[in-house]
Ligand SMILES: Nc1ncnc2c1ncn2[C@@H]1O[C@H](COP(=O)(O)OP(=O)(O)OP(=O)(O)O)[C@@H](O)[C@H]1O
Ligand SMILES: [Mg+2]
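Here it is as structure tokens:
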């Protein structure tokens, strides 16, 4: 694939930059709150967090969009069991894929033919695609748009932050980490990235925080525990909560049935609800 998804046409054939900007403003103006889920390191649980928070908010009755901007490793379609869906054009732009009537999803995974296909794009093309996802998708009115980012502070989160901040101040970042020291160093980079770009930090989540033995119930701190809370304190950022390691989380991700669809009544489910509640009334720093 070497061209971004097609946009709508204006009278001159090609929309002018002003028209594109106006369209972006109009689209983003219909989304009350935009939340980026980021991390400095890969594999710490951003996509799991994004999927489960989006679902928790939808279960609370909010209109939610979930945008997967991990262009090289989109996981959201698989995690939601939407792996074989394709994007369709609607009257006013691309239609997001419906997971629930109040939870709509967009991912580059819906543009790739099969799971093994890879996107081989440089920065400008990636920027254009993310802007198209924000401008040309018919999201309609949303209470929340949750954006699942790839790891690090590269083109994708940079484009998302700059595009969303161009709109208003109702945006913020949630930073996911695991508790061990090397992952925590990367949290500082993510917080610094947000602060340099003036993106409010809504808080830090410590994922894979301790493991409850399924046989005896004893909690083992495989990667230590509490580091996320300490770093939040040190970086003057809100701490949102700890999610333990849970084999059910792995199975949920692999089976396409998200944790909050099947395990909402657990202690971890309660933690996701508390975090979602904090995102409804954020104290940003
Ligand atoms: N709390 C948890 N307990 C057990 N397994 C988890 C937990 N959170 C995530 N996982 C598993 O860890 C793996 C990585 O999670 P996930 O894909 O959400 O991370 P990521 O940060 O989005 O990764 P990437 O940087 O590659 O995008 C997945 O197999 C997922 O099911
Ligand atoms: Mg991911």
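In the numbering used here, the protein residues as written are -7 to 277.
No residue lacks a Cβ here, since even glycine has one placed at the ideal position from N, Cα and C.
These numbers were taken from a predicted model, which means no experiment stands behind them.
Asked	Found
Heavy atom of ligand 1 within 7 Å of residue 206 beta-carbon	no
Cα-Cα separation, residue 71 to residue 202	23 Å
Proximity of residue 122 and residue 151 at Cβ, strictly below 8 Å	yes
By C-beta, the residues closer than 7 Å to any heavy atom of ligand 3, given in chain order	By its list of ligands, the structure shown excludes ligand 3, since it contains just ligand 1 and ligand 2.
Residue 10 burial status per 10 Å Cβ neighbour count (16 or more: buried)	exposed
Selection from 190, 91, 33, 47 that minimises the alpha carbon distance to residue 255	47
Buried or exposed (CB count within 10 angstroms, at least 16 for buried), residue 243	exposed
Identified DSSP bridge partners for residue 237	203
Validate contact between the region 174 to 191 and the region 121 to 135 using beta carbons, cut 8 Å, 3 pairs	no
Rounded straight-line distance, which links the Cα of residue 111 to that of residue 246	22 Å
Inter-residue spacing [alpha-carbon to alpha-carbon] between residue 100 and residue 153	18 Å
Local Cβ density within 10 Å of residue 27, reported as buried at 16 or more and exposed below that	buried
Cβ pair residue 115, residue 147 closer than 8 Å	yes
Per-residue burial, residue 198 [other beta carbons within 10 Å of its own, 16 or more giving buried]	buried
Burial state of residue 93 (16 or more Cβ within 10 Å)	exposed
Closest by C-alpha distance to residue 120, when choosing among 58, 138, 149, 263	149
Rounded C-alpha distance that separates residue 103 from residue 6	23 Å
First and last residue of the uninterrupted alpha helix (DSSP H) at residue 169	From DSSP, residue 169 is part of no alpha helix (DSSP H) but of the beta strand (DSSP E) over 163 to 169.
C-alpha gap between residue 66 and residue 57, whole angstroms	16 Å
For residue 227, the residue or residues it bridges with in DSSP	DSSP output for residue 227 lists no bridge partner at all.
Separation of residue 54 from residue 269, as counted between CA atoms	12 Å
CB contact below 8 Å: residue 165 versus chain B	Within the model displayed, chain B is absent; a lone protein chain is all it includes.
Segments of 4+ residues assigned as alpha helix (DSSP H) that fall wholly inside the region 67 to 101	68 to 71
C-alpha distance - residue 267 paired with residue 77, whole-angstrom precision	30 Å
Residues of its chain near residue 69, where Cβ-Cβ distance is below 6 Å and the 5 sequence neighbours each way are ignored	75, 99, 101
Whole runs of the alpha helix (DSSP H) within the region -3 to 71, excluding any shorter than 4 residues	9 to 20, 38 to 51, 68 to 71
Residue 213 beta carbon near ligand 1 (any heavy atom closer than 7 Å)	no
Close-in-space but distant-in-sequence residues of the same chain around residue 181 (CB under 6 Å, 5 per side omitted)	32
Extent of the continuous beta strand (DSSP E) to which residue 135 belongs	134 to 140
Contact test: residue 73 Cβ vs ligand 1 heavy atom, cutoff 7 Å	no
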